[in-house]
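Residue numbers (the numbering used here): 804 to 968.
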Amino acid sequence: MIDTIKARVAENCADAKVTYLDAPLASWFDGVLDGVAKNTVTADATITHLMPIYDGMSFATGAGLDAAGSAAIQSSFNMTPAVAAGIGTGSVKMDVGCPNDWFSYAAVDAGLRLLTGNAVPDNYGIGCKVFDESNIASIDTTVENSVNWYGIDFAAEFAKYWTAS
Numbered sequence: 804m805i806d807t808i809k810a811r812v813a814e815n816c817a818d819a820k821v822t823y824l825d826a827p828l829a830s831w832f833d834g835v836l837d838g839v840a841k842n843t844v845t846a847d848a849t850i851t852h853l854m855p856i857y858d859g860m861s862f863a864t865g866a867g868l869d870a871a872g873s874a875a876i877q878s879s880f881n882m883t884p885a886v887a888a889g890i891g892t893g894s895v896k897m898d899v900g901c902p903n904d905w906f907s908y909a910a911v912d913a914g915l916r917l918l919t920g921n922a923v924p925d926n927y928g929i930g931c932k933v934f935d936e937s938n939i940a941s942i943d944t945t946v947e948n949s950v951n952w953y954g955i956d957f958a959a960e961f962a963k964y965w966t967a968s
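So this is what it looks like as structure tokens:
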């Protein structure tokens, strides 16, 4: 995932100055990530954007931005209800989401196919969607639901993989 992010940033934002920092899961909640974000934007006031790779990190990085008085914005991945509810009202301006229930079906399906000696599909057809201020009001952010958020009935779509093999 990190390599893909680096490649896309280099491809689309060739002039961007990019720094990559690691943040272990525990630091998302213990105040360390808040401090890292605060210190990073304080040390370099030209930073305009943070991209925590998982949106759960944005609570801590957002607190760090607030503590530093920074106007930097954030974008992320994973589209969870708590982050979705704040898109456009805080520093998170965009979040990419994919139907987690469909991912769950695909993971179980692939595992069971491997255990039973069956071929695993090359591509389960799971699509992602960008959520931002232009479309966030069109969904109910309080409940993650593939029909509501992504416009798909994942169970009906996934059934095609069972009947095709």
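The beta-carbon is built from N, C-alpha and C at its ideal position, and this holds for glycine as well.
Subject >> Extent of the continuous alpha helix (DSSP H) run through serine 949 >> reply: What you label residue 949 is simply residue 146 of the sequence shown in a count that begins at 1. 949–953 is the extent of the alpha helix (DSSP H) around serine 949.
Original post:
Just to confirm, are glycine 891 and isoleucine 939 a CB contact at a threshold of 8 Å?
Top reply: Taking the first residue of the sequence shown as position 1, residue 891 is located at position 88. Taking the first residue of the sequence shown as position 1, residue 939 is located at position 136. Yes, the pair counts as a contact, with Cβ atoms nearer than the cut-off.
Original post:
If you count every other CB in all the chains shown that lies within 10 Å of the CB of tyrosine 823, and 16 or more means buried, which is it?
Top reply: Reading the sequence shown from its first residue, position 20 is the one you call residue 823. So tyrosine 823 counts as exposed.
Original post:
In this structure, does DSSP put isoleucine 850 in helix, strand or coil?
Top reply: Locating residue 850 in the sequence shown gives position 47, where the first residue counts as 1. If DSSP states are grouped into helix, strand and coil, isoleucine 850 belongs with coil.
**OP:** Could you pull the start and end residues of the beta strand (DSSP E) that isoleucine 876 belongs to?
**Re:** Translated into the one-based positions of the sequence shown, residue 876 becomes position 73. Segment 876–880, the beta strand (DSSP E) holding isoleucine 876.
Original post:
Between which two residues does the alpha helix (DSSP H) harbouring phenylalanine 832 extend?
Top reply: Start at 1 with the first residue of the sequence shown, and residue 832 comes out as number 29. Looking at the DSSP string, phenylalanine 832 is not in any alpha helix (DSSP H), and its letter there is neither H nor E.
Original post:
Looking at serine 879 and aspartate 858, is the spacing between their C-beta atoms short of 8 Å?
Top reply: Locating residue 858 in the sequence shown gives position 55, where the first residue counts as 1. Locating residue 879 in the sequence shown gives position 76, where the first residue counts as 1. Cβ atoms of aspartate 858 and serine 879: closer than 8 Å.
Subject >> Which listed residue (Glu814, Val821, Gly930 and Ala840) has its alpha carbon closest to that of tryptophan 905 >> reply: Reading the sequence shown from its first residue, position 102 is the one you call residue 905. The shortest C-alpha separation from tryptophan 905 is found at Gly930.
**OP:** With DSSP as the reference, label lysine 896 as helix, strand or coil.
**Re:** Stepping through the sequence shown from its first residue, residue 896 is reached at position 93. In this structure, lysine 896 counts as strand in the three-state DSSP scheme.
**OP:** Check valine 933 in the structure and name its three-state DSSP category.
**Re:** Working through the sequence shown from its first residue, we reach residue 933 at position 130. The answer is strand: DSSP assigns valine 933 an E or B state.
Subject >> Cα-Cα separation between isoleucine 850 and glycine 954, rounded to whole angstroms >> reply: Here residue 850 corresponds to residue number 47 of the sequence shown, with the count starting at 1. Here residue 954 corresponds to residue number 151 of the sequence shown, with the count starting at 1. Cα to Cα, the separation comes out at about 35 Å.
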